[in-house]
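Contents: one structure, followed by commentary.
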Amino acid sequence: MTDALLGYLRGISPPEDPVLGELRELTEALPGGRLMLLMPGQGDFLAMLVRLTGARRILEIGTYTGYSTLCMARALPEEGRIVTCDINRKWTDIGAEFWERAGVSDRVEVRIGDAAETVAELRAEQDEPFDLVFVDADKAGYPGYFENTLPIVRTGGLMVFDNVLFFGRVADPEHRDDDTAGIRTLNDLLRADHRVEVSVLPMADGMTLARKRPEAGS
1 MTDALLGYLR GISPPEDPVL GELRELTEAL PGGRLMLLMP GQGDFLAMLV RLTGARRILE
61 IGTYTGYSTL CMARALPEEG RIVTCDINRK WTDIGAEFWE RAGVSDRVEV RIGDAAETVA
121 ELRAEQDEPF DLVFVDADKA GYPGYFENTL PIVRTGGLMV FDNVLFFGRV ADPEHRDDDT
181 AGIRTLNDLL RADHRVEVSV LPMADGMTLA RKRPEAGS
């Protein structure tokens, strides 16, 4: 993607609204913020998935400053809810201000703590399944997030994983760090798992859609 083509793409895409734009600028100014932030087109895509699936309950693993949270919360119906998980309230507090300004704070439930433990708590509660799950947290944890979250996704529900190309490291055998290994493991799991049907998109740093098949059970 050249700079010229990227500029053209932005020019034909819907403009980013002021609240999202301000949150983006704030996040990009943080250390490592650019690497951890979705591209505007990805936010539009997530919002479209929420609307297309008719999602009313969303689980987000990895909040950071809440940009993706805001994109999805806005796409929910009024009675819809998104449970978003992060390890550090410092980041979610940034997002909370913008969710309030956008008028969707009543749709967002924040859970702070280790995401694996939060997922275990949600499985124990199991009041009703999630329609959509978005995973954008520690990459080494991706295989576990998939295995432990799939049971609380409704039949026909969707799981979305970000960074599945991980800056190209997944295709370079020299990279053997835990995060790269975690993404490789997830990619292999999804490709072979009969419980989901999968589409891998070369969008930004790679996004995978995994739809839970009816035969997957609970």
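FYI, the numbering for the sequence shown is 1 to 218, going by my numbering. By construction, the Cβ of each residue, glycine as well, lies at the ideal position given by its N, Cα and C atoms. Note that the coordinates shown come from a computational prediction; the quantities given were computed from them, not determined experimentally.
- Taking the Cα of LEU76 as reference, the smallest distance to any Cα among ASP205, VAL119, THR53, ASN88 is reached at THR53.
- Taking C-beta atoms under 8 angstroms as the contact rule, ALA204 and MET39 qualify, at a distance of about 5 angstroms.
- Between GLY182 and PRO129, the C-beta gap is not smaller than 9 angstroms, which leaves the two residues out of contact.
- The Cβ-Cβ distance between GLU60 and MET72 falls below 9 angstroms.
- In the DSSP assignment, LEU189 falls within the unbroken alpha helix (DSSP H) covering 178-192.
- By the Cβ rule, the segment 62-70 does not count as touching the segment 178-198, because fewer than three pairs are nearer than 8 angstroms.
- The secondary-structure analysis by DSSP pairs LYS212 across a beta bridge with VAL196.
- Between the segment 143-152 and the segment 89-101, the count of Cβ pairs shorter than 8 angstroms is below three; the stretches do not touch.
- Within the same chain, Cβ atoms closer than 6 angstroms to the Cβ of TYR145 are found at ILE61, VAL135, the five residues on either side in sequence being excluded.
- In the pairwise beta carbon analysis, the segment 29-45 is classified as touching the segment 4-16: at least three pairs are separated by under 8 angstroms.
- Under the DSSP assignment, VAL50 falls in the alpha helix (DSSP H) whose first and last residues are 40-53.
- In the structure shown, the three-state DSSP call for ARG57 is strand.
- For the pair GLU28 and ARG34, the Cα-to-Cα distance works out to about 5 angstroms.
- Residue environment for ALA171: exposed (fewer than 16 other C-beta atoms within 10 angstroms of its C-beta).
- Within the same chain, and ignoring the five residues on either side of ARG191 in sequence, the residues whose Cβ sits closer than 8 angstroms to its Cβ are VAL198.
- Per the C-alpha coordinates, the member of ALA210, ILE112, ALA124 positioned closest to ARG89 is ILE112.
- For GLY157, the enclosing beta strand (DSSP E) has its first and last residue at 153-162.
- Ranking LEU209, GLU100, ILE12, ALA137 by CA distance to the CA of GLY157 puts LEU209 first.
- Taking every protein chain shown into account, the CB of ARG57 has 16 or more other CB atoms within 10 angstroms, so this residue is buried.
- For ASP93, no beta strand (DSSP E) encloses it; the enclosing alpha helix (DSSP H) starts and ends at 89-101.
- An exposed status is given to GLY32, since fewer than 16 other beta-carbon atoms sit within 10 Å of its beta-carbon.
- Between ILE82 and VAL108, the beta carbon gap of about 6 angstroms places them in contact (Cβ cut-off 8 angstroms).
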